[in-house]
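Here the structure is laid out as structure tokens; the discussion comes afterwards.
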Amino acid sequence: MHKPLGIFDSGVGGTSIWREIQKLLPNEDTIYLADSKNAPYGIKSKEDILQLSIKNTEFLLEQGAKLIVVACNTATTNAIDFLRSNYNVPFIGIEPAIKPAALHTKTKKVGVLATKGTLSSSLFHSTSKMFAEGITVLEQEGVGLVELIEAGKVHDPETHELLRKYMAPMLQENIDCLVLGCSHYPYLIPVLKEILPPQVTIIDSGEAVARQTKAVLEKNQILTTSNNTAKHVFYSNSDIEVLRSLVNGVDAEVAHLDF
Ligand code: DGL
Numbered sequence: 057m058h059k060p061l062g063i064f065d066s067g068v069g070g071t072s073i074w075r076e077i078q079k080l081l082p083n084e085d086t087i088y089l090a091d092s093k094n095a096p097y098g099i100k101s102k103e104d105i106l107q108l109s110i111k112n113t114e115f116l117l118e119q120g121a122k123l124i125v126v127a128c129n130t131a132t133t134n135a136i137d138f139l140r141s142n143y144n145v146p147f148i149g150i151e152p153a154i155k156p157a158a159l160h161t162k163t164k165k166v167g168v169l170a171t172k173g174t175l176s177s178s179l180f181h182s183t184s185k186m187f188a189e190g191i192t193v194l195e196q197e198g199v200g201l202v203e204l205i206e207a208g209k210v211h212d213p214e215t216h217e218l219l220r221k222y223m224a225p226m227l228q229e230n231i232d233c234l235v236l237g238c239s240h241y242p243y244l245i246p247v248l249k250e251i252l253p254p255q256v257t258i259i260d261s262g263e264a265v266a267r268q269t270k271a272v273l274e275k276n277q278i279l280t281t282s283n284n285t286a287k288h289v290f291y292s293n294s295d296i297e298v299l300r301s302l303v304n305g306v307d308a309e310v311a312h313l314d315f
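Letter 101 of the sequence shown, counting from 1, is numbered 157 in the numbering used here, and no numbers are missing.
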């Protein structure tokens with residue numbers, strides 16, 4: 057089926073997920089929506105996150121999306137059940153990769169860096185309970201990190217300092233896996249690698265989301281049959297320069313949207 061995949065996030069972070077999807081499904085057209093005007097979602101109420109997720113979904117459906125990737129842990133953990141029961145397209149969500157971390161850890165101590173909205177959600181709690189039995193999960197809210205990434209300040213000393221502060225208690229507890237539970241955070245990996253000792257493995261959910269997207273497209277028989285170069289459009293309702301810099305080198309349209 058030659059219709060685009062719709063992808064949304066509270067901002068530019070979900071482009072880290074878009075990249076994995078594009079790698080695995082290079083012929084699929086995509087429309088990406090960055091709701092940067094309303095970022096961060098992580099400090100909003102469940103109801104606000106739900107309303108914003110509905111608005112983003114309806115925009116992508118108006119653009120003809122055949123499947124929607126909720127490329128935001130906060131929106132997934134707070135809104136995906138509602139979206140799945142109220143709209144007639146498949147939804148792919150993203151959640152902190154607790155299961156792979158639980159399987160990988162040797163120290164039986166795993167750190168999770170995520171937003172308050174994700175860490176306080178019942179979906180996150182049930183996933184942790186199900187997959188992390190016998191494992192200590194050290195949670196850390198990444199207060200301020202999404203704002204810094206949205207402002208294009210990944211390599212600023214401020215970001216470095218904040219991450220150092222957030223990592224210190226986890227390192228003291230001897231974690232050997234750090235789960236990045238927010239789609240913005242893969243952009244912090246170069247900085248995290250400077251801070252974390254080599255025995256700490258950083259785990260994010262991007263590849264798993266791409267694999268799941270492919271599987272669901274196949275199952276629903278809605279993979280594109282086109283071999284043409286895929287078309288990619290990125291919309292933001294805020295300043296588009298950071299978004300543009302993150303998809304630099306990609307043949308894509310990046311546009312501002314009043315939304
Ligand atoms: N990318 C969103 C997530 O994965 C960021 C959350 C926010 O806007 O606070 O959770």
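Every residue gets a Cβ at the ideal spot worked out from N, C-alpha and C, and that includes glycine.
Assigned secondary structure, residue i (DSSP; H/G/I helix, E/B strand, else coil)
i	result
G167	strand
E197	strand
I259	strand
G237	strand
T71	helix
T192	strand
T132	helix
D104	helix
I51	The structure shown has nothing for residue 51, since the chain only spans 57 to 315.
Q78	helix
T161	coil
E229	coil
For residue j and residue i, the rounded distance between their alpha carbons
i	j	result
A95	N283	36 Å
A158	V166	7 Å
V310	E189	44 Å
E217	I205	14 Å
G84	E203	With the sequence shown as reference, residue 84 is identified as Glu, and Gly is not the correct amino acid for it. Roughly 30 Å between the two C-alpha positions.
E118	M223	42 Å
L299	V68	6 Å
I191	T285	45 Å
K249	H211	12 Å
T269	M186	23 Å
E76	A264	9 Å
S292	K93	8 Å
Cβ separation of residue i and residue j, assumed to be a contact under 8 Å, to the nearest whole Å
i	j	result
T174	G237	5 Å
G149	S301	So it is not a contact: roughly 27 Å between Cβ atoms.
N134	A170	Their Cβ separation, rounded to whole angstroms, is 12 Å, which puts N134 and A170 out of contact at 8 Å.
R267	L80	7 Å
In DSSP terms, what residue i is bridged to
i	result
A207	Paired residues: none, contrary to the question.
V289	I87, E309
I124	G62, F147
Contacting residues, own chain, Cβ-Cβ under 7 Å from residue i (five flanking each side not counted)
i	result
K172	G98, I99, E197
A308	H288, V289, F290
R220	I251
V272	L123, P146, I148
T132	V126, G149, I150, E151
Same chain, Cβ closer than 6 Å to residue i, neighbours up to 5 away in sequence not counted
i	result
I278	M57, K122
W74	I63, Y88
L42	Shown here, the chain extends from 57 to 315; a query on residue 42 therefore has no answer.
Own chain residues within Cβ distance below 8 Å of residue i, not counting five before or after
i	result
T163	N230, I231, D232
L106	N134, A135, F138
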